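Enquirer: The sequence shown begins at 593 in this note's numbering and counts up by one.
Just so you know, even glycine gets a beta-carbon here, dropped at the ideal spot from N, CA and C.
No experiment lies behind these values; they were computed from the predicted model shown.
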Amino acid sequence: MGVGVISLTILGLLILFLGSGIWVGLSLFLVGFFSFLFFTDTPALNVLTNILWNETNSATMVSLPLFIFMGELLFRSNISVNLFKGLTPWMSFLPGRLLHVNVVASALFAAVSGSSAATTATVGKITMPELTKRGYNPSLSIGSLAGAGTLGFLIPPSMLMIVYGISANVSIGQLFIAGVIPGFLLALAFGSYIVIRCLINPDLAPKGETYSWSDRFKALPLIVPVLFLMALVLGSIYLGWATPTEAAAIGVAGAVIIGVLTKSLTKENFWDAVIGSIKTNCMIMLIVIAAAYVSVAVGYLGLPAKLTEFIGTLGLSKYELIIILVIMYIILGCILDGFSMILMSLPLALPLIIAAGFDPLWFGVFLIILIEIAQITPPVGFNLFVINGLTGINVGKIAKYSLPSFVIMLFIVIVITAVPEIVTFIPKLMVG
593 MGVGVISLTI LGLLILFLGS GIWVGLSLFL VGFFSFLFFT DTPALNVLTN
643 ILWNETNSAT MVSLPLFIFM GELLFRSNIS VNLFKGLTPW MSFLPGRLLH
693 VNVVASALFA AVSGSSAATT ATVGKITMPE LTKRGYNPSL SIGSLAGAGT
743 LGFLIPPSML MIVYGISANV SIGQLFIAGV IPGFLLALAF GSYIVIRCLI
793 NPDLAPKGET YSWSDRFKAL PLIVPVLFLM ALVLGSIYLG WATPTEAAAI
843 GVAGAVIIGV LTKSLTKENF WDAVIGSIKT NCMIMLIVIA AAYVSVAVGY
893 LGLPAKLTEF IGTLGLSKYE LIIILVIMYI ILGCILDGFS MILMSLPLAL
943 PLIIAAGFDP LWFGVFLIIL IEIAQITPPV GFNLFVINGL TGINVGKIAK
993 YSLPSFVIML FIVIVITAVP EIVTFIPKLM VG
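#1: Of the choices PHE626, VAL715, ASN638, whose alpha-carbon is the least far from that of LEU605?
#2: Would you kindly check if the distance between the Cβ of ILE643 and the Cβ of TYR885 is under 7 angstroms?
#3: With H, G and I counted as helix, E and B as strand and the rest as coil, what does DSSP make of ARG808?
#4: Within 10 angstroms of its Cβ, does ILE945 collect 16 or more other Cβ (buried), or is it exposed?
#5: Output the residue ranges of the alpha helix (DSSP H) runs that lie fully inside the region 650–699 and measure 4 residues or longer, sorted by chain position.
#6: With a threshold of 16 other CB atoms inside 10 Å of the CB of TYR911, please say whether the residue is buried or exposed.
#7: Let's see if you can read the secondary structure: which residues bound the alpha helix (DSSP H) around PHE998?
#8: Using beta-carbon positions only, say whether LEU666 and VAL704 come within less than 7 angstroms of one another.
#9: Excluding five sequence neighbours on each side, which residues of the same chain lie with their C-beta closer than 6 angstroms to the C-beta of GLY678?
#10: Check for me: the alpha helix (DSSP H) holding ILE747 runs from which residue to which?
#11: Run through DSSP, which three-state label would THR711 get?
#12: If you run the structure through DSSP and keep just helix, strand and coil, what is LYS871?
#13: Would you give the residue range spanned by the alpha helix (DSSP H) that ALA781 belongs to?
#14: Anyone know if the C-beta pair for PHE745 and LEU737 falls short of 7 angstroms?
#15: Assuming ILE786 contacts LEU732 (C-beta within less than 8 angstroms), just tell me the rounded distance between them.
#16: Per the contact definition of three or more C-beta pairs closer than 8 angstroms, is the region 708–721 in contact with the region 967–980?
#17: Given 8 angstroms as the limit, is there contact between the region 835–851 and the region 628–636, that is, 3 or more CB pairs closer than that?
#18: Between ILE671 and VAL818, which are expected to be in contact by the criterion C-beta below 8 angstroms, what is the C-beta distance as a whole number of angstroms?
#19: Spatial neighbours of VAL673 within its chain, please: C-beta separation below 7 angstroms, excluding the five flanking residues on both sides.
#20: Any idea what DSSP makes of GLU801, helix, strand or coil?
#21: For the candidate residues LEU691, THR969, ILE598, whose alpha-carbon lies nearest to that of THR632?
#22: When you compare the region 958–975 with the region 927–936, are there three or more beta-carbon pairs, one atom per stretch, that lie closer than 8 angstroms?
#23: Excluding the five sequence neighbours on either side, which residues of its own chain have a C-beta within less than 7 angstroms of the C-beta of GLY868, listed in chain order?
#24: Go through its chain and collect everything with a Cβ distance to THR802's Cβ below 8 angstroms, but skip five positions before and after it.
#25: Just to check my reading of the structure: LEU953 and VAL755 have Cβ atoms closer than 8 angstroms, yes? What is that Cβ distance to the nearest angstrom?
#26: Between LYS799 and VAL852, what straight-line distance do the alpha-carbon atoms span, to the nearest angstrom?
#27: In angstroms with no decimal places, state the Cα-to-Cα distance between ASN793 and TYR728.
#28: Suppose you measure from the CA of ILE879 to the CA of TYR892; what does that come to, to the nearest Å?
#29: Nearest-angstrom Cα distance between GLY923 and LEU821?
#30: DSSP on VAL818, reduced to helix/strand/coil?
#31: Between LYS989, ALA991, PHE950, PHE974, which has its C-alpha nearest VAL1015's C-alpha?
#32: For the alpha helix (DSSP H) that contains PRO836, what are its first and last residues?
#33: Between the Cα of ALA991 and the Cα atoms of THR714, MET1001, ILE968, GLY624, which residue gives the shortest distance?
#34: Taking the alpha-carbon positions, what's the GLY974 to VAL1005 distance?
#35: Leaving out five residues on either side along the sequence, give the residues of the same chain with a beta carbon under 7 angstroms from the beta carbon of ARG668.
Structure below.
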């Protein structure tokens, strides 16, 4: 059977299973199983047992549930409430005022949670009722939250970066550091958009309380716990004191200590954090194992090598290749979650990227930003559903409000493609 027929059959099976509403992990497992069954002589279940061991028997993989647990602990404590109170006086003098709390709080919480959905839910739970009560424009307040909430994937520590690093054999520590400047630029772009819109139409952000410099400095202690945890996790990695896995354990210990000191960590919400972490980690690990199963099946069939060879014969420039990949990932983002996008596409995309002369480290950050875009594109944009749960507003309307954030993230993709040193500069210093 020809490569084209096999490829179309596998793609058809994937669309069939995903379209039928079956879990993503189970859909991928079925595609891998039938690929082995129909197109190879290899025992399908024997391969699966090897993958189960190889994909989970890794010290690096331990960092994933630890970062998830840290985010759950912070989500269920009053650290996020204090963060809003601490940021409010500092944002009040900017055009857009408290709308900037969406962006800054998301960036800070992203630096300790590693999850886009957790960042959006935690920040939105606090900011949306306040912004609505004070009469802020709903399209700008919801749109800024939807966009800024995606920073949980880009600003380290990021669960998606861990998965990419393991799959692409790229240093997770370097990936974490590589996301810092692009994450800052993206947050700055979101904030700049708010400033421009509110300078054009000041009524979008009504006037509120005024704060003195004394009020601002008094509010700083409320922000300190998050800054302390950021320094603890990222500082230990950058200075070489800890591996990402060890830094994750340090972060969990720090979150517990902060929760105890602030008297916001009870037995009940600690147990809720444990259960939430188990559920999230099981979902992710099912996808990781199933996607690896599909990748091995596709590798047995030689499809990645043949696809790479085919695209090589097209004579595409490296930037034409990037345009094709951007379009492909935007389409994939409409139907898949970020973990599935990485694990399903990497065996095909990474050889093309390396052959075109791009750095796999750079491609990791490039891919994460495209996955952030997927968080706000219907019908499977997770952030849209999180905000829908917080506000009750129609998902289609939230997607419309998020369109400026979509454009801003595409702009950042263009910027880091034109100037890849934005991504690679600090990691190179880290190696030195």
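Expert: So, to answer that:
#1: What you label residue 605 is simply residue 13 of the sequence shown in a count that begins at 1. Out of PHE626, VAL715, ASN638, the CA that lies nearest to the CA of LEU605 is found in PHE626.
#2: Position 293 of the sequence shown, counted from the first residue, corresponds to residue 885. Position 51 of the sequence shown, counted from the first residue, corresponds to residue 643. Cβ distance < 7 angstroms, so TYR885 and ILE643 count as in contact.
#3: Translated into positions along the sequence shown, residue 808 becomes position 216. ARG808: helix per DSSP, three-state reduction.
#4: Start at 1 with the first residue of the sequence shown, and residue 945 comes out as number 353. ILE945 comes out buried.
#5: Complete alpha helix (DSSP H) runs here, min 4: 655–667, 671–683.
#6: Along the sequence shown, one-based indexing puts residue 911 at 319. That one is exposed.
#7: Within the sequence shown, numbered from 1, the residue matching residue 998 stands at position 406. It spans 995–1010 - the alpha helix (DSSP H) in which PHE998 sits, taken as one unbroken run.
#8: Here residue 666 refers to the residue found at position 74 when the sequence shown is read from its first residue. Here residue 704 refers to the residue found at position 112 when the sequence shown is read from its first residue. Yes, the pair counts as a contact, with Cβ atoms nearer than the cut-off.
#9: Counting from one through the sequence shown, the residue named residue 678 turns up at place 86. The residues ALA811, LEU814, ILE815, in chain order, have a CB closer than 6 angstroms to that of GLY678 in the same chain once the five nearest residues on each side in sequence are set aside.
#10: Here residue 747 refers to the residue found at position 155 of the sequence shown. From DSSP, ILE747 is part of no alpha helix (DSSP H); its letter is neither H nor E.
#11: Within the sequence shown, numbered from 1, the residue matching residue 711 stands at position 119. Annotated three-state conformation of THR711 is helix, per DSSP.
#12: Along the sequence shown, one-based indexing puts residue 871 at 279. Looking at LYS871 - three-state DSSP - the assignment turns out to be helix.
#13: On the sequence shown, position 189 is the one that residue 781 refers to. Here the alpha helix (DSSP H) through ALA781 covers 772–792.
#14: Residue 745 sits at position 153 when you count from the first residue of the sequence shown. Residue 737 sits at position 145 when you count from the first residue of the sequence shown. Not closer than 7 angstroms, so no.
#15: As a first step, residue 786 is located in the sequence shown; it is residue number 194 there, counting from the start. As a first step, residue 732 is located in the sequence shown; it is residue number 140 there, counting from the start. Rounded to whole angstroms, the Cβ separation of ILE786 and LEU732 is 7 angstroms, and the two are in contact under 8 angstroms.
#16: Touching, yes, given that three or more Cβ pairs across the two stretches are closer than 8 angstroms.
#17: Here the region 835–851 makes no contact with the region 628–636; the two share fewer than three CB pairs at distances below 8 angstroms.
#18: Counting from one through the sequence shown, the residue named residue 671 turns up at place 79. Counting from one through the sequence shown, the residue named residue 818 turns up at place 226. So it is a contact: roughly 6 angstroms between Cβ atoms.
#19: Locating residue 673 in the sequence shown gives position 81, where the first residue counts as 1. Hits under 7 angstroms: ILE718.
#20: Taking the first residue of the sequence shown as position 1, residue 801 is located at position 209. When DSSP states are grouped into helix, strand and coil, GLU801 belongs to the coil group.
#21: Within the sequence shown, residue 632 is the residue found at index 40, counting from 1. Comparing Cα positions, the closest option is ILE598.
#22: The answer is yes - the region 927–936 touches the region 958–975, with three or more Cβ pairs under 8 angstroms.
#23: What you label residue 868 is simply residue 276 of the sequence shown in a count that begins at 1. Around GLY868: GLU664.
#24: By one-based count along the sequence shown, residue 802 stands at place 210. Only SER684 meet the Cβ criterion.
#25: As a working mapping, residue 953 is identified with position 361 in the sequence shown. As a working mapping, residue 755 is identified with position 163 in the sequence shown. With a contact defined as Cβ atoms closer than 8 angstroms, LEU953 and VAL755 miss out at about 15 angstroms.
#26: As a position in the sequence shown, residue 799 is number 207, starting the count at 1. As a position in the sequence shown, residue 852 is number 260, starting the count at 1. Distance from the CA of LYS799 to the CA of VAL852, rounded to the nearest whole angstrom, comes to 37 angstroms.
#27: On the sequence shown, position 201 is the one that residue 793 refers to. On the sequence shown, position 136 is the one that residue 728 refers to. If I take the Cα positions, the gap works out to 12 angstroms.
#28: As a position in the sequence shown, residue 879 is number 287, starting the count at 1. As a position in the sequence shown, residue 892 is number 300, starting the count at 1. Going by C-alpha positions, ILE879 is about 20 angstroms away from TYR892.
#29: Counted from its first residue, the sequence shown places residue 923 at position 331. Counted from its first residue, the sequence shown places residue 821 at position 229. Per the sequence shown, residue 923 should be read as Ile rather than Gly. Distance between the alpha carbons of ILE923 and LEU821 is about 36 angstroms.
#30: Reading the sequence shown from its first residue, position 226 is the one you call residue 818. Helix, per DSSP.
#31: Here residue 1015 refers to the residue found at position 423 of the sequence shown. Measuring from the Cα of VAL1015, the nearest candidate turns out to be PHE950.
#32: Within the sequence shown, residue 836 is the residue found at index 244, counting from 1. Its alpha helix (DSSP H) spans residues 836–853.
#33: Position 399 of the sequence shown, counted from the start, is the residue given in the question as residue 991. ALA991 has its Cα closest to that of ILE968, out of THR714, MET1001, ILE968, GLY624.
#34: Translated into the one-based positions of the sequence shown, residue 974 becomes position 382. Translated into the one-based positions of the sequence shown, residue 1005 becomes position 413. In the sequence as displayed, the identity of residue 974 is Phe instead of Gly. Their Cα atoms are separated by approximately 21 angstroms.
#35: Indexing the sequence shown from 1 puts residue 668 at position 76. Scanning its chain for C-beta atoms nearer than 7 angstroms, with the 5 sequence neighbours on each side dropped, one finds around ARG668 the residues ASN861, ASP864, ALA865, in chain order.
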